[in-house]
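Since the structure comes first, as structure tokens, the remarks are kept for the end.
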Amino acid sequence: MRQAYLWGPDPGTGRDWSSDRLREVLKRETTIGLNGQAIHLNAYRDIAIGISRRFIRLSSVFPNNTQQDVRAEASQEDDEEGMNAKQWIGHIADLQAAYSSHVAGMIYGRGITEQPGFVSTDNGGAESRTERRWQLTQAAIEPEIQRMMGNSELRLRGVQAPALEAIQQGQSPVVAVMPTGGGKSLLFMLPAWISPRGVTVVVVPLIALRGDIVHRCRQLGISCVAWESRRPADQASIVLVTPESAITEDFMTFLNRQRLCHRLDRIVIDKCHVVLNDQTNFRPAMAQLGRLLVAQAQMIYLTATLPPTAENQLFQRLRTSREKVHLFRSRTHRMNVAYRLWQPTVPNQYANSYHWAGRVVIYGPTTKAIDKLAQLVECEAYHSKTIDRSGVLARFQADTTGVVAATTTLGMGVDIPNIRSIIHIGLPRSLLDYAQESGRAGRDGRRSEAIIVQPHGFLRPKWDPIHEDPVKAQAEQYRLDRYISPDCRRVILNEYLDSYQRQYCRESDDTEQRCDRCDEHWQANEEVVSELASELGSEAARQLGSEPARQLASEPARQLASEPARQLASEPARQLASEPARQLASEAASQLG
């Protein structure tokens, strides 16, 4: 029999299950079961949707949490086209409450703040935030750092003190430009250590870097976790998130929850210079990080490579203005790193040889070239297609004299103190990239070197354009041309990165490592066997520049492999782990261009 109710009348009484009856029964039973607390229908509807969102639907609040580019704005309405099964489950649950999924996520943000460890009232949360701010502002920065690090001799360096004071006073946005190894991470670790009940969100561009931060935080006793949508990190002091995840609706809801709880203290964007990359296929999510401003939290931007000429462009992309920025800049030059260019020639040459200890990173232009180079040098390869990247990095970190061949993927993800040599096979993509990648050398302050191997007559690798704008691309090319000119390498680097004018190395400090142009005793020539000269004529050499991987398995390479002792060339090349690896200076330069 057709009727208006979901259930039919009771067999005995014949009474229908109307809204009035359901309300009456719900009130009676909840009064009994909840110790006198009655629940009415509207309250139950909200509770039911909350239970559905927590235990039934397969995504915590919003349907998206991928490592891919998410272009949809957080404020857009739901689009039913193309939704998968997981998204439909949540969408149906929300429609039952007469809400779209996005509106439901925002409305029930209040409900999800009432979790263990949280106060359920605005006043309580505000009091907790006020207490944290007072605790931070009253802290003596240097003594607190000494206690955190367990080192009473530790002293603040460069702009660490004024930058920490700005963060301590709640100024925003704060932009800190500090050299690699200059202690940028202390700018967010120390406040989290002093006031652990708040949350600091740190956007990190690479998984390798994220793992390093987690490890360091745990050593210091700071609760730090990587963001996962299915395991919200509501109890952590530091939450690490990739740029791609940071702009998803899942994460934006997490931020909303922390803000409503008055627990969100600050958002930190590490390696913020990556925002300046104009390649359309490179981390498009980085350009959307300005959306995080809606969280209304203190914003902190950290980088080791921000040319003064690029400051306004960075501020524009971060949706702020120079007038509002609290900028703290240190000179980013690396005194302990010797910058060198090696342009070997095909005819036989002989060189002095040196013995250096420590790790070596060899950068190449493509993943294919890196795989071939790793085979040649008998080391592991690290690039975007490497299956066990974390394992490769861990093994490299564990080996004090290890070698790894890598693409620039490794440039921002390594924080290892004793990398003695950074070798680039061919020119880097840009001078900004080179500053970041060469900055991996000598983080322990000891003498190190960064070498570009660019044989005479070899064409430049066919990189994708660094800028879509031809004017910007030409300017970038001009900077690289200047760097490989006969001028002092430091003059060009310091002028570009810090607007610092100088004439030569050791101009004001005798402990500074000289570049190859200022060190008259430095040579990096190779002894090349006659077979190489005969089989690699000028035309072949020119072809290697644009096809770096093509010649790696050539007959000359096989011939050279049997004579490893004769290929010794530059200082870092001596330290490559195995005998065949000593061919790096000549073979890699010749084969990769």
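Numbering-wise (UniProt numbering), the sequence shown opens with residue 1 and increments by one. Beta carbons: idealized from backbone N, C-alpha and C, even for Gly.
In this structure, DSSP gives His-215 a helical state, which the three-state scheme calls helix. Leaving aside the five residues that flank Arg-291 on each side, the residues in its chain whose CB is nearer than 6 Å to its CB run, in chain order, Ile-247.
When the alpha-carbon of Gly-445 is set against those of Arg-334, Ala-381, Arg-502 and Ser-499, the nearest one is in Arg-334. Here Leu-497 is buried, its C-beta having at least 16 other C-beta atoms within 10 Å. Classified as buried, Ala-450 has 16 or more neighbouring CB atoms from the shown chains inside 10 Å of its CB. Taken in chain order, the whole alpha helix (DSSP H) runs of length 4 or more contained in the stretch 286-335 are 311-317. If you draw a straight line from the Cα of Gln-436 to the Cα of Cys-217, it is about 23 Å long. The beta-carbon distance between Ala-406 and Ile-370, rounded to whole angstroms, is 6 Å. This is short enough to meet the 8 Å contact definition. Leu-26 is the residue among Gly-439, Gly-33, Asn-35 and Leu-26 whose C-alpha sits nearest the C-alpha of Tyr-44. A distance below 8 Å separates the beta carbons of Ser-321 and Phe-315. Arg-21 sits in a helix when the DSSP states are folded into three classes.
One alpha carbon belongs to Gly-33, the other to His-326, and they sit about 56 Å apart. Inclusion of Arg-15 and Arg-23 in the CB contact set at 8 Å is not warranted, their separation being larger than that value.
Secondary structure of Ile-207 (DSSP, three-state): helix. Judged by pairs of C-beta atoms under 8 Å, the stretch 481-493 touches the stretch 511-520, as three or more such pairs exist. A straight line joining the alpha-carbon of Asn-151 with that of Glu-127 spans about 33 Å. About 10 Å separates the CB atoms of Ile-419 and Val-337; that is not less than 8 Å, and the two are not in contact.
Scanning Ala-398, Gln-397, Thr-386 and Pro-417 for the CA closest to the CA of Thr-409 turns up Thr-386.
Collapsing the DSSP output to three states places Tyr-504 in coil. Between the stretch 296-309 and the stretch 162-176, the count of C-beta pairs closer than 8 Å reaches three or more; the two stretches touch.
Under DSSP, Tyr-382 forms a beta bridge with Ala-406.
Contact between the stretch 148-165 and the stretch 178-190 is present: three or more C-beta pairs spanning the two stretches fall below 8 Å. Boundaries of the alpha helix (DSSP H) around Val-392: 389-398. Secondary structure at Trp-227: coil, using DSSP grouped into helix, strand and coil.
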